[in-house]
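So the numbering used here is basically just the index in the sequence shown, starting at one, shifted up by 58. Note that beta-carbon positions come from the ideal geometry of N, C-alpha and C, so glycine has one too. What you are looking at is a predicted structure, and each value in this text was computed from that prediction instead of being measured. These notes concern the structure reproduced below.
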Amino acid sequence: MTVRTFHPEPITGINSTYISDTEIILSWASPRGEYNAFEVQYLTSENVFIQNLTLHNSITINDLKPHRNYTFTVIVRSGTESSILRRSLPVSAIFTTKESVPGKVEKFEPVDIQPSDIVFAWSLPTTEQNGVIRKFTITYGLEVGQCKHNCLITLVPFFNII
Numbered sequence: 059m060t061v062r063t064f065h066p067e068p069i070t071g072i073n074s075t076y077i078s079d080t081e082i083i084l085s086w087a088s089p090r091g092e093y094n095a096f097e098v099q100y101l102t103s104e105n106v107f108i109q110n111l112t113l114h115n116s117i118t119i120n121d122l123k124p125h126r127n128y129t130f131t132v133i134v135r136s137g138t139e140s141s142i143l144r145r146s147l148p149v150s151a152i153f154t155t156k157e158s159v160p161g162k163v164e165k166f167e168p169v170d171i172q173p174s175d176i177v178f179a180w181s182l183p184t185t186e187q188n189g190v191i192r193k194f195t196i197t198y199g200l201e202v203g204q205c206k207h208n209c210l211i212t213l214v215p216f217f218n219i220i
């Protein structure tokens with residue numbers, strides 16, 4: 059006697075109903091046939107494997123990093139781990155979180171000081187960019203006698219101002 063087990067039907071696609079810099083809401087159409095739950099998998103920006111189970115055909119994923127690509131995979135589950143657990147074929151989709159403000163620059167320091175100008179150097183790790191960097195702004199104050207004058211310089215990335 060041959061016992062044949064059937065796997066649940068996979069979902070047809072994954073949609074995003076909301077994306078921010080740190081959160082995404084995923085949804086999908088319910089598959090045909092019998093199923094108990096949906097398994098949602100993805101890798102964090104630190105390459106940690108995350109697996110969530112939901113009974114609904116949508117899920118909110120939090121604690122994401124800004125301006126990153128995430129591949130989400132949904133697997134339809136039928137049965138339980140204590141009985142016979144059957145899984146559908148996986149369905150995946152890639153989504154990108156929105157940009158956000160950059161993190162803190164590192165090693166901001168003068169590298170050449172002259173009587174009339176100062177050259178600064180700094181770095182911003184790629185993990186802290188959180189989007190496309192279009193400019194850096196340095197704000198400084200000049201003391202003239204008792205008065206302070208605020209100055210603003212806008213710098214294009216990767217160019218030095220002397």
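Where does the unbroken beta strand (DSSP E) through residue i begin, and where does it stop?
{"i": "residue 86", "result": "No beta strand (DSSP E) contains residue 86, which DSSP labels as neither H nor E."}
{"i": "residue 181", "result": "176-181"}
{"i": "residue 168", "result": "164-171"}
{"i": "residue 78", "result": "Neither: residue 78 is in no beta strand (DSSP E) and is coded neither H nor E."}
Mapping the DSSP letters down to three states, classify residue i as helix, strand or coil.
{"i": "residue 129", "result": "strand"}
{"i": "residue 97", "result": "strand"}
{"i": "residue 104", "result": "coil"}
{"i": "residue 154", "result": "strand"}
{"i": "residue 118", "result": "strand"}
At the level of alpha carbons, what is the spacing between residue i and residue j?
{"i": "residue 160", "j": "residue 141", "result": "49 Å"}
{"i": "residue 96", "j": "residue 162", "result": "39 Å"}
{"i": "residue 143", "j": "residue 78", "result": "34 Å"}
{"i": "residue 135", "j": "residue 158", "result": "36 Å"}
{"i": "residue 180", "j": "residue 169", "result": "10 Å"}
{"i": "residue 220", "j": "residue 183", "result": "Its pLDDT being 42, under 50, residue 220 is placed unreliably in this model, and the value from its coordinates should be taken loosely. The straight-line gap from Cα to Cα measures roughly 24 Å."}
{"i": "residue 76", "j": "residue 106", "result": "23 Å"}
{"i": "residue 191", "j": "residue 119", "result": "26 Å"}
{"i": "residue 74", "j": "residue 125", "result": "16 Å"}
{"i": "residue 222", "j": "residue 138", "result": "Because the chain here runs from 59 to 220, residue 222 falls outside it and cannot be looked at."}
Name the one or two DSSP bridge partners that residue i has.
{"i": "residue 141", "result": "Answer by DSSP bridge pairing: none, since residue 141 is not bridged."}
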